[in-house]
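Note sheet for the following structure.
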Amino acid sequence: MVFSPQNSLFDISQDKKIPCSRIVTVAVDTGVDNVFDYLLPDRLGDVQPGRRIEVPFGRADKLTTGFCIEVKSAGTEIPKRKLKFVKKILDAEPLLDGRQLEFGKWISDFYVCPLGQVLSAMVPAAVKKSAGVKKLKHVFLAASEKNIDKLRSKKQKQIIQAMKDSDALDAESAVELKGLLERLKIGQSPLNRLVQAGIVKLTSRTFLRQLPVVPKGLLLKTSEVILNNDQQKVLAEIEERMNSGDFSVVLLHGVTDSGKTEVYIRAIEKAVERGKSAIVLLPEIALTAQTVQRFSSRFKNIAVMHSQLTSSQRNAQWQKIKTTSPIVVIGARSAIFAPVENPGIIVVDEEHEPSYKQETVPRYNGRDAAIKLAQLSNAVCVLGSATPSLETLYNCRIKKHFVRLVLPNRVMDLPKPQMKIIDMAGERFESHGVNLVSSQLLAALMQTLQRKEQAILLLNRRGYSNFIYCPSCRYSLRCKNCDVTLTFHKTEKYQKPVELKNRLKGGFAVCHYCLSQTLVPRNCPLCGKAVTMIGLGSQRLEDELKTKLPEARVVRVDSDSMQHHDYYRLLADFDAGIIDVLAGTQILAKGLHFPNVTLVGIISADTSLQLPDFRSNERTYQLICQVAGRAGRSSKGGRVLIQTFLPNQPAIKFAVNDDFEEFVKEELKHRQACLLPPFGRVALVRMRDVKHDRLMRATGAVAQQLNDIISSLSLDIKLTGPMPAVIGRIQRFYRMQIILRTGSPGNFTELFRKFRRLKIPISTTEVQVDVDPVNLL
Ligand code: ADP
Ligand code: ZN
9 MVFSPQNSLF DISQDKKIPC SRIVTVAVDT GVDNVFDYLL PDRLGDVQPG
59 RRIEVPFGRA DKLTTGFCIE VKSAGTEIPK RKLKFVKKIL DAEPLLDGRQ
109 LEFGKWISDF YVCPLGQVLS AMVPAAVKKS AGVKKLKHVF LAASEKNIDK
159 LRSKKQKQII QAMKDSDALD AESAVELKGL LERLKIGQSP LNRLVQAGIV
209 KLTSRTFLRQ LPVVPKGLLL KTSEVILNND QQKVLAEIEE RMNSGDFSVV
259 LLHGVTDSGK TEVYIRAIEK AVERGKSAIV LLPEIALTAQ TVQRFSSRFK
309 NIAVMHSQLT SSQRNAQWQK IKTTSPIVVI GARSAIFAPV ENPGIIVVDE
359 EHEPSYKQET VPRYNGRDAA IKLAQLSNAV CVLGSATPSL ETLYNCRIKK
409 HFVRLVLPNR VMDLPKPQMK IIDMAGERFE SHGVNLVSSQ LLAALMQTLQ
459 RKEQAILLLN RRGYSNFIYC PSCRYSLRCK NCDVTLTFHK TEKYQKPVEL
509 KNRLKGGFAV CHYCLSQTLV PRNCPLCGKA VTMIGLGSQR LEDELKTKLP
559 EARVVRVDSD SMQHHDYYRL LADFDAGIID VLAGTQILAK GLHFPNVTLV
609 GIISADTSLQ LPDFRSNERT YQLICQVAGR AGRSSKGGRV LIQTFLPNQP
659 AIKFAVNDDF EEFVKEELKH RQACLLPPFG RVALVRMRDV KHDRLMRATG
709 AVAQQLNDII SSLSLDIKLT GPMPAVIGRI QRFYRMQIIL RTGSPGNFTE
759 LFRKFRRLKI PISTTEVQVD VDPVNLL
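Throughout the sequence shown, residue numbering follows our numbering, covering 9 to 785 in sequence.
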C-alpha cells in the first residue's frame, strides 16, 4: 500500500503502533530557543542531519519546517515520552554538511541566537524555494521506421527528420520541445498527433537557469605579475601553514597597493592545486564586483554570493558551489555559509570593516566566523588590512595560532601621496554661506582637471542636509517615529500641485532610521519665518560642485544614486575617463584602483568622530588611510586633502603622519583603562517597546535576571545600565540597553547559556543580545 505523505501523517498520529525505530532532533525556525525530538515513521525512509523536515509544532500543531540535526535510535523510550511524528522529509540531499552544522551550533552559542534561526540563515531562501528551477518539455522518437513512414504529413515528417538528425531516440537524448518547434517554424498540432500515435514521446527535465553574475564586456583587464621579495616571503609563510594542515590565522598587514590581493590569489592557487577550495570575503558589494573581475581571469571555477544577486542567480551559484570542487567563492559576509566541501583557505579582506557584522539575527561577525570556520576545517584564515583592527593586532600578540606578516611597501615603489589638513574653522571666515568645498580644495580640483586627471571626493553622509531648522524659533523637523532629525533629499522628479509649490521645498525629508518621508515647508510651521538647511550631505556636495566647477563631469555615488546607476558601468566609465570627479559616500573609500586619480578630498574627517562609539577614533584613522589609498596609484603621484574642524584631533594627526604604530599604542591605552576591546569583550542587551513605562519595568527585571546569574555563578562581568540607547526611539519603539563587559569571552557564554533559558519578564518587550557589537547606537 502506498501512502502519500499527506495521508500518512493523519494515519500515524492516530495509530501509536506505527513502527518508528528512530528519533530525530529538529531545530525549527520559529525563534524558539530550543531543539525538539520527533518520532520518524519508518516508512518515510532515511533522513540525515542537514536535511529539512516538516513537523507539527506548538499547541496548535502548526506545520513547521526545521533542520534535522541528529538522528538516533528510538530504542524502548517511545512509550515513556510523548513525541509527535515527523510529517514529511524535504530536500533530496542535506543542505548543510556536518561541518556546517557544527559551525551553526557555534554561532548559535556564541552569538546567542536560536539554532533554528542560524541554520535557516545559512541557506539562502532562493535555494530553499528552488528559485530559477524550470521544467522543460522534451521529446524523443519512440517508434520504428515502419510506423513512421505511414501517411505522415509534410510537417510531421519534418519533425521526425529533425529528431533523427539530433539522435533523439530515447529519453536520455530527448530534445527540448519548444526550441525544436521554433527552429522548424511548426505549430503544436502536428506534434500532438505524433504523440497520440505513439511515435513521439514526451518527457520533462528540470533546469536551473544560469545567468551570468558579471555583465558581459565589463570585465577589467588584468596582467600576470612577478611577486616581489616581500610578497614571496609572505606567500611562502602562508603556503607552509597550508601544507601543515593545521588551523592558523595570518594577518596580512600591508599598506594599500602593497600587493595583498595578488598574494591572496597566489595562495588560493596553491590551495586549488591541492584540491582545496577557497572563500574570499569582502566588505562591500562594490568591491566584490572588482574582485570578481580580477579573479575571473585567474581561476576556472568561481562563484559569487552577495545580496544583489537575483534569487535564481543565487540558487544557481549555490548549486554550483555545492557540486564543484575545488571552487573559489567570492562574496559578502554571508558567503562564509557557502556549501564549500573542503575549504583550504579563507580570506577576509579589509578585516577591520564594521560591515562584517550582521545587524539582524544571527548577529555574527563575518571575520570572526571565518576564523572559526577555518578552525573547524583545519584551514588557514588570511585577514588582510592596511589598518588592522585592534582586536586582530592584539590576537597576534597573545594567541599562538595567530601571526602577523607585513608588506611594508607599495608594489610599484610609488611615492606615498602627500597628505594635508585643511582647517575649516579658518576657511569659514574667508567665504560666506555653506561651503563644503574649501577654497584650497577647489583650487586643487581645478588644477587636477586642467591636467586631465581625476579626483575622488568623499562625504560620509547621504542626502542634502541632515538638519532642517528654523533659526528664529529653533524649531527643527524631527521624525515622528524616531528620536532623530530628518535628512533633506532633493528631488526634481516630484510634481507638486501648483498651489503648494510656493510653500514647499523641492524634495522630501527622510528619516534614515525608519525611512518615512515627509514634505518640507519653506516656512516654519511654528513662527512662519523661513527654515534653513544645516549640515552636509552628498547631494549638497554634488550641487556645490556643479556651481563651482560647471565644466567638470561629476557623478555622485551613494546608496541613493546607486539604485539607478549600474556600478559596473560606472567603474568602466570612470576608468575610461568619461567621468572627472566621483563624489560620494564611503562606497568610494575602498578598493578602487584608478591610476589617473591624483586628488582625493575628504570633505569632513569629523563625521565619524561624532559618533558616540568607543571605536570612533579607529574608524576615523581607517577612513583617512583608506581614502588616501585611492590617490597616487601611478607615477603621477597624488594628493590627499583632509577638511576638518578638529585639526588637532589625535586620530586625524596620526593618520596624516601615517603613523599607525603610534596611533595603536595611544588607542590601546584608552581601551585598557576602560576594559574595552581588545582587552575586554562587550555584549549589549538591547530592549525595545512601544510603551515607555512597560519598557522601564522590563529593563529593570532583565538587569535583575542578569545580575542574579552573574552573582550566582561568580562571573567576572561588569554590568552597566539599564540606560537609554543613544537614539532613544526608533520606529515608535523606545529603546534601552544594558552594557556588559568582561575580560574573558567564556564568561559571556556561561551567562547567556543560563539567560536564554529564562522567560522574558514582560513578553511584549523585545530583548536582543548583541555579542561583540560594532554599533552602539
Ligand atoms: P592591495 O590588495 O594591497 O591593495 P593589489 O594586490 O591590488 O594590492 O596590488 C595593487 C596593484 O599592483 C594591482 O594592480 C596589482 O596587479 C599590482 N601588483 C601586485 N603585485 C605586483 C607585483 N609584484 N608586480 C607588479 N605589479 C603588482
Ligand atoms: Zn523615523
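For glycine and all other residues, C-beta sits at the position ideal for the given N, C-alpha and C.
Since the structure is predicted, the reported quantities are computational estimates derived from the model, not experimental observations.
| Query | Result |
| --- | --- |
| Excluding the 5 residues flanking T526 on each side, which residues of the same chain have their C-beta closer than 6 angstroms to its C-beta? | A517 |
| Among residues of its own chain, excluding the 5 on either side of P781, which ones have a beta-carbon nearer than 6 angstroms to its beta-carbon? | L692 |
| Okay, do the stretch 159 to 166 and the stretch 125 to 145 touch, 3+ Cβ pairs below 8 angstroms being the bar? | no |
| Quick one: grab the DSSP three-state call for P658. | helix |
| Between R548, V280, H678 and K726, which lies nearest to I354 when the distance is taken from Cα to Cα? | V280 |
| Whose C-beta lies closer than 6 angstroms to the C-beta of K80 among residues of the same chain, with five residues either side of it excluded? | I31 |
| Give the DSSP-derived three-state secondary structure of A811 in the structure shown. | There is simply no residue 811 to check, as the chain begins at 9 and stops at 785 in what is shown. |
| Can you give me the C-alpha to C-alpha distance between D724 and V411, rounded to a whole angstrom? | 29 angstroms |
| How many Å lie between D357 and G729 at the Cα? | 36 angstroms |
| Could you tell me if the beta carbon of Q239 falls within a distance shorter than 7 angstroms of some heavy atom in the ligand ADP? | yes |
| Just to confirm my understanding: we take R6, look at its own chain, exclude 5 residues before and 5 after, and list those with CB closer than 6 angstroms. What are they? | As displayed, the chain neither begins before 9 nor continues past 785, which places residue 6 out of reach and without an answer. |
| With H, G and I counted as helix, E and B as strand and the rest as coil, what does DSSP make of D778? | strand |
| Does the Cβ-Cβ distance between S612 and T555 come in under 8 angstroms? | no |
| Which residues end up in the neighbourhood of the ligand ADP when you take C-beta atoms closer than 6 angstroms to any of its heavy atoms? | V233, I234, L235, N236, Q239, G262, T264, D265, S266, G267, K268, T269, E270, V419 and H601 |
| Less than 8 angstroms between the CB atoms is what I'm expecting for A286 and V242, so what's the real figure, rounded? | The Cβ separation is near 17 angstroms, so there is no contact. |
| Within 10 Å of its beta-carbon, does H360 have 16 or more other beta-carbons around it, so buried, or fewer, so exposed? | buried |
| Among K193, H146 and A244, which residue has its Cα nearest to the Cα of T214? | H146 |
| Between which two residues does the alpha helix (DSSP H) holding P800 run? | Residue 800 falls outside the range modelled here, since the chain spans only 9 to 785, and no answer is possible. |
| Quick check on the DSSP output: what are the complete alpha helix (DSSP H) runs of length 4 or more inside the stretch 250 to 308, in order along the chain? | 268 to 281 and 293 to 304 |
| Look up D431 in the DSSP assignment and give the residues it is bridged to. | T652 |
| Which class does A591 belong to by DSSP, given the choice of helix, strand or coil? | strand |
| Pick helix, strand or coil for I26, following the three-state DSSP scheme. | coil |
| When you compare only the Cα positions, how much space is there between H572 and L578? | With a pLDDT of only 46 at H572, under the threshold of 50, the placement of this residue in the model should not be trusted; the figure read from the coordinates follows. So the alpha carbons of these two residues sit roughly 11 angstroms apart. |
| Quick check for students: name the residue ranges of the beta strand (DSSP E) that lie wholly in the stretch 24 to 99, counting only runs of 3 or more. | 30 to 36, 44 to 48, 60 to 65 and 70 to 81 |
| State the DSSP-derived secondary structure class of R371, mapped to helix, strand or coil. | coil |
| Can you say whether A538 is buried or exposed, counting buried as having 16 or more other CB atoms within 10 angstroms of its CB? | exposed |
| Compare the Cα-Cα distances from S447 to each of L590, G545, E552 and G206 and report the closest residue. | E552 |
| Going by C-alpha to C-alpha distance, which of S319, T318, S342 and I276 sits closest to I310? | I276 |
| On the DSSP bridge list, what partners appear for L465? | A591 and G609 |
| Considering just the uninterrupted stretch of the beta strand (DSSP E) at R561, what are its terminal residues? | First-last for R561: undefined, no H or E at that position. |
| So, at 8 angstroms on beta carbons, what are the nonlocal neighbours of L289 in its own chain, with the 5 sequence-adjacent residues on each side left out? | G339, A340, R341, A343, I344, I354, V355, V356, D357, Y364, G374, R375 and A378 |
| Under the rule that 16 or more other beta-carbon atoms within 10 Å means buried, what is I234, buried or exposed? | exposed |
| Quick one, which of T368, R51 and L71 has its alpha-carbon nearest V779's? | T368 |
| Given 8 angstroms as the limit, is there contact between the stretch 639 to 649 and the stretch 420 to 428, that is, 3 or more CB pairs closer than that? | yes |
| As a quick exercise: from C522, V562, R530 and L544, pick the residue whose alpha carbon is nearest that of M454. | V562 |
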